[in-house]
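1 is the number of the first residue of the sequence shown in full-length UniProt numbering; add one for each residue after it. Note that beta-carbon positions come from the ideal geometry of N, C-alpha and C, so glycine has one too. Quick caveat, the model's predicted, so the values are computed rather than measured.
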Amino acid sequence: MSMKKQITEGEEPVSPFAQLFSLPGLDVFNVATIGFKNEGDPFTFIEGLKNTLINHPRFSSILLTSHDERKGKAKWIPTEVKVEDHVIVPDIDPHIENPDEFLEDYITNMAFSPMNMSKPLWEFHLLKLKTSHAKYVAVARFHHSLGDGMSLMSLLLACTRKTCDPEALPTFLAPKKNQARNAWWSLVAWFWHIIRLMSNTCIEVIKAVVFICFARDTTTDIMGKPGATCSANKIVHKIISLDDVKNVKNAMKMTVNDVLFGMVQAGLSRYLNQIYDLDTTSKTRKTLDKTYLHGVVFFNLRPNRDIEDLANMMAKGSKSRWGNSIGYVLIPLWMKSENDILEYVRQAKTTMDRKKLSFEPLFSYVLLKLTMEIFGLTAVKKIAERIYGNTTMAFSNVVGPAEEISFFGHQISYIASSTFGIPQALIITLQSYMDKLVISLAVDLDVIPDPHHLGNLIIEALSMMNSAVSETIVHASEV
């Protein structure tokens, strides 16, 4: 009786978005792949998780949910956690011929295998596998009801320490502060900022609502099938130098995110062009410039992520903001054929600046939350299916530490993150770490049968951008 009372008192209601992500057809998961520079020790990982991750309430609770809204709300129920049951160490042939391809297949099979809902919804797979970029690999899978991708990645990073200082948490680059201005000009700038903010919000929100209610993307060879519930069935990674991105960013005086979205647009445009060029009919070749495509881009609504708070939560049981706190915006994709490869970056900046200077991400979050409270989960599910089913791709960018870190004493070589379970044929997630950038593509092979080729075209677009800015600099110096 005392144990039953303790569990009842520890029960917590499940947030509306956690319930949404556990509905049939929207069972969403996050996957984090971590490559290490040294061979791993499963015992060390298990002991490390016992001292960190399971101290978080969500990682030591069972999700008890009912998809029938009349039967009451879902609950988190605390439970005893045996970490060994959540850590899988498969027996892998050390002489495997193609370890990179094996890793891709393993991640894909793991990602889409059923998860035991009678246990806390997370697991780690430790692979004794030497790949092109790592000597040992850990693959973690988390149910989206545990938290959004930014929360989960922050929690993982709160379990790491700097390699140069084993007691110190990772640090992130602080945003640049605006230079001091004259008080009068500061007032004028603030007033103009408010006008633009309200104007952009009205325009972007109206456009988003009209699109969701009445429109859908032009049907192309990279758009998912109508009515699909879980499209992606292959996950691949591409690792490139972050310095190449920063080179374009510095030359064009833009942000890293502008360059990243620009190179994705350029790669997609070239991919579609190659597909259409295979068809010799003039009608098909003319369609790309008249194609209207959108991407769902996720925005973190937390003011700043502070992994120190999360580390204290796991070590001392202190409080920290947690849960699914993300908004989304609909971004029109620039798919026109451009002779100037840098035009894709300029278009990305124009669009991103307008979106960032609006409340569209907050509006999308509030819209779904109010709809859920007033009309219930079924209505929100229909909205979510319409958003994902009528757009072409989902895109997110996660910023990682700039210095080398270790995970329970294992030096990290790279970090890759991805999401699956939403009805999109193409999900692109970018993850930075030190001087690396990992491009993760989750695709529907029936729609995009050659994801490696698409990834290579995105990388080639960045290379072309670097060549273009170098030529511009050389030309300017000669003048």
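Query                                                                                                                     : Result
D68 - DSSP class collapsed to helix/strand/coil                                                                           : Reliability fails at D68, whose pLDDT of 48 lies under 50, so the model's placement of it is uncertain and no value is given.
Residue burial classification, I96 (beta-carbon count within 10 angstroms, cutoff 16)                                     : exposed
Any 3 or more C-beta pairs closer than 8 Å across the stretch 240–247 and the stretch 440–450                             : no
Cβ pair H429, H294 closer than 8 Å                                                                                        : As written in the sequence, residue 429 is Thr, which differs from the His given in the question. No, Cβ-Cβ distance for T429 and H294 is not below 8 Å.
Nearest-angstrom beta carbon gap, T472 and A251 [assumed within contact, 8 Å]                                             : 7 Å
Residue from Q411, S396, G262 whose Cα sits closest to the Cα of R161                                                     : Q411
Cα-Cα separation between M372 and Q274, rounded to whole angstroms                                                        : 43 Å
W334 (DSSP reduced to helix, strand or coil)                                                                              : coil
For S132, the first and last residue of its enclosing beta strand (DSSP E)                                                : That residue, S132, is in no beta strand (DSSP E); it is neither H nor E in DSSP.
Three-state secondary structure (DSSP) of V89                                                                             : coil
7 Å Cβ shell around E308 - same chain, five flanking residues per side excluded                                           : L169
Continuous beta strand (DSSP E) stretch holding Q411: start and end                                                       : 410–420
Cβ pair V28, G421 closer than 8 Å                                                                                         : yes
Check: M434 C-beta below 7 Å from any heavy atom of the ligand FMN                                                        : Among the components of this structure there are no ligands whatsoever, and the ligand FMN is therefore not found.
Contact set for A468: own chain, Cβ-Cβ below 8 Å, skip 5 residues either direction                                        : D340, I341, L342
Rounded separation between G267 and E39 - CA only                                                                         : 35 Å
CB of I235 within 8 Å of CB of S418, strictly                                                                             : yes
Unbroken alpha helix (DSSP H) run spanning T44, endpoints                                                                 : 42–51
Straight-line Cα distance separating P114 from Y433                                                                       : 30 Å
N- and C-terminal bounds of the alpha helix (DSSP H) containing V248                                                      : 242–252
Where V296 falls: helix, strand or coil (DSSP)                                                                            : strand
C-alpha gap between L368 and V329, whole angstroms                                                                        : 13 Å
Nearest-angstrom Cβ-Cβ length linking V139 and L127, presumed shorter than 8 Å                                            : 7 Å
Residue from M314, V398, V245 with nearest C-alpha to F299                                                                : V398
Bridge-paired residues (DSSP) for Q274                                                                                    : Answer is none; Q274 lacks a bridge partner.
Beta-carbon contacts of R58 that lie in its chain and below 6 Å, excluding the five residues immediately before and after : L146
Span separating the alpha-carbon of V256 from that of T79                                                                 : 43 Å
I194 to I77 span [Cα, whole Å]                                                                                            : 45 Å
Buried versus exposed, by CB contacts within 10 Å (16 or more), T219                                                      : exposed
Nonlocal neighbours in the same chain, by C-beta distance under 7 Å from K50, ignoring five residues either side          : V83
Contacting residues, own chain, Cβ-Cβ under 7 Å from R216 (five flanking each side not counted)                           : N390
Beta-carbon gap between Q431 and A348 smaller than 8 Å                                                                    : no
Per DSSP, the bridge partner or partners of I428                                                                          : F395, L441
For I383 and P361, the rounded distance between their alpha carbons                                                       : 15 Å
Coarse secondary structure for E97, derived from DSSP in three states                                                     : coil
Range of the contiguous alpha helix (DSSP H) that encloses S364                                                           : 360–375
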